[in-house]
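Below is one structure, written out as structure tokens; comments come after it.
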Amino acid sequence: MEEVGTMTNLKKFKNKEELLEELSSDIVELLQDEIEEKGKASLLVSGGSTPKPLFQKLSNIDIPWEKVIISLVDDRWLEPTHKDSNELLVKENLMQNFASKAKFVGMFIEGKTAYESDEDCSLTYEDNVFPFDVIILGMGGDSHTASLFPENEKLKEAYDLKNENLCISIKPDTAPYDRMSLTLGAILSAKNIILHIEGEEKLKVYEEALNSKDIFKTPISAVLNNERLIEVYHA
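Residue numbers (our numbering): 37 to 271.
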């Protein structure tokens with residue numbers, strides 16, 4: 037499926053099981069290609085309920101995980117032991133079994149607010165994760181991706197491709213907790229960008245976003261309409 041200004045490859049599956057089989061296989065292949073080429077690979081993932089089964093499936097695939105750096109697309113600014121922390125979600129579901137050997141780099145910095153930590157988080161990612169090999173994005177029913185929420189006051193800064201920071205703090209108007217998120221430039225810098233969505237409602241949101249020029253109203257449009265190939269998996 038292609039639109040002017042967009043390069044998206046939509047893969048539709050009959051059910052979640054088929055999607056998980058294909059997506060996990062494709063991710064592993066991308067990681068192994070990077071490991072063969074440069075001896076290491078980076079995988080950046082999103083939180084929420086949708087990727088949890090994917091994390092569990094990936095954890096049971098035997099690849100050289102000790103050469104993989106796992107990191108986050110965004111996180112709530114919470115202690116890593118908090119039940120709503122994406123870091124906890126990843127550690128409990130992805131970094132298990134074979135994948136327990138991977139290295140993890142998180143966003144949260146003890147003793148600092150999210151607002152104070154844009155630069156420190158960016159430097160941590162620059163030194164320990166960058167370049168980004170594989171990014172897996174999700175999307176909310178409101179069209180947010182990462183922690184880039186519709187009409188948020190920080191979107192202009194997050195979308196500014198001249199912004200050298202990889203990370204930006206966000207205070208959502210429509211969701212709890214302060215957040216830290218990758219900027220649009222950081223997301224688009226990834227070698228491979230994957231969007232994983234499930235359900236008919238999200239498919240409808242995705243299709244509307246493809247044709248939307250208002251990236252402040254539909255943040256996922258900022259990713260989809262940047263002439264980068266986005267692999268979209270839907271069940």
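The beta carbon of each residue, even a glycine, is placed where N, CA and C say it ideally should be.
When burial is assigned at 16 or more other CB atoms within 10 Å of the CB, is residue i buried or exposed?
i, result
"Asn51", "exposed"
"Asp111", "buried"
"Lys93", "buried"
"Tyr242", "buried"
"Leu80", "buried"
"Lys48", "exposed"
"Tyr151", "exposed"
"Glu146", "exposed"
"Thr44", "buried"
"Glu73", "exposed"
"Lys249", "exposed"
"Lys198", "exposed"
"Glu263", "exposed"
"Lys26", "Within the shown structure, residues of the chain are numbered from 37 to 271, placing residue 26 beyond reach of any answer."
"Leu265", "exposed"
"Lys148", "exposed"
"Asn164", "exposed"
"Asn188", "buried"
"Asn247", "exposed"
"Asn261", "buried"
Kindly indicate the opening and closing residues of the beta strand (DSSP E) around residue i.
i, result
"Phe140", "Lys139 to Val141"
"Asp111", "Asp110 to Arg112"
"Ala77", "Ala77 to Val81"
"Ile97", "Note, Ile97: premise wrong, no beta strand (DSSP E); not H, not E."
"Leu46", "Met43 to Lys48"
"Leu173", "Val170 to Leu173"
"Leu197", "Per DSSP, Leu197 belongs to no beta strand (DSSP E) and is neither H nor E."
Hey, quick one: how far does the alpha helix (DSSP H) through residue i stretch, first residue to last?
i, result
"Thr160", "Asp154 to Asn164"
"Leu184", "Note, Leu184: premise wrong, no alpha helix (DSSP H); not H, not E."
"Ala245", "Glu236 to Leu246"
"Val324", "The structure shown does not extend to residue 324, since the chain is modelled only from 37 through 271, so no value can be given for it."
"Ile223", "Leu220 to Leu224"
"Glu267", "Careful: Glu267 lies outside any alpha helix (DSSP H), inside the beta strand (DSSP E) at Leu265 to His270."
"Leu260", "Ile256 to Leu260"
"Ser205", "Not the alpha helix (DSSP H): Ser205 falls in the beta strand (DSSP E), residues Cys203 to Ile206."
"Ile145", "Unbroken run through Ile145: none, as it is neither H nor E."
"Ile71", "Lys52 to Lys74"
Closer than 6 Å by C-beta to residue i: which residues in its own chain qualify, once you throw out the five before and the five after it? Chain order, please.
i, result
"Ala182", "Val109, Asp110, Ser217 and Leu218"
"Asp178", "Pro186"
"Asn228", "Leu66 and Val170"
"Asn96", "Asn133"
Going along the chain, which residues of its own chain have a beta-carbon closer than 8 Å to the beta-carbon of residue i, five neighbours each way excluded?
i, result
"Tyr213", "Arg112, Trp113, Leu114 and Asp120"
Determine whether the Cβ of residue i lies closer than 8 Å to any Cβ atom of chain B.
i, result
"Glu152", "Here chain B cannot be found, since the structure has a single protein chain."
Residues in the same chain with beta-carbon distance under 7 Å from residue i, minus the five sequence neighbours each way, listed in chain order, please.
i, result
"Trp101", "Phe134, Ala135, Lys137 and Ala138"
"Leu124", "Pro116, Thr117 and His118"
- request: Take every Cβ of the stretch 187 to 195, pair it with every Cβ of the stretch 246 to 256, and state whether three or more of those distances are shorter than 8 Å.
  value: The stretch 187 to 195 is in contact with the stretch 246 to 256.
message: Does the structure place the stretch 48 to 64 close enough to the stretch 148 to 159 that three or more beta carbon pairs sit under 8 Å?
response: Contact between the stretch 148 to 159 and the stretch 48 to 64 is not established, with fewer than three Cβ pairs separated by less than 8 Å.
query: Taking contact to mean at least 3 C-beta pairs separated by less than 8 Å, is the stretch 169 to 187 in contact with the stretch 138 to 154?
result: Counting C-beta pairs closer than 8 Å gives fewer than three between the stretch 169 to 187 and the stretch 138 to 154, which falls short of the contact rule.
message: Using a Cβ distance threshold of 8 Å, determine whether the stretch 123 to 133 contacts the stretch 84 to 100, with at least three qualifying pairs required.
response: The stretch 123 to 133 and the stretch 84 to 100 touch, with no fewer than 3 CB-CB distances between them shorter than 8 Å.
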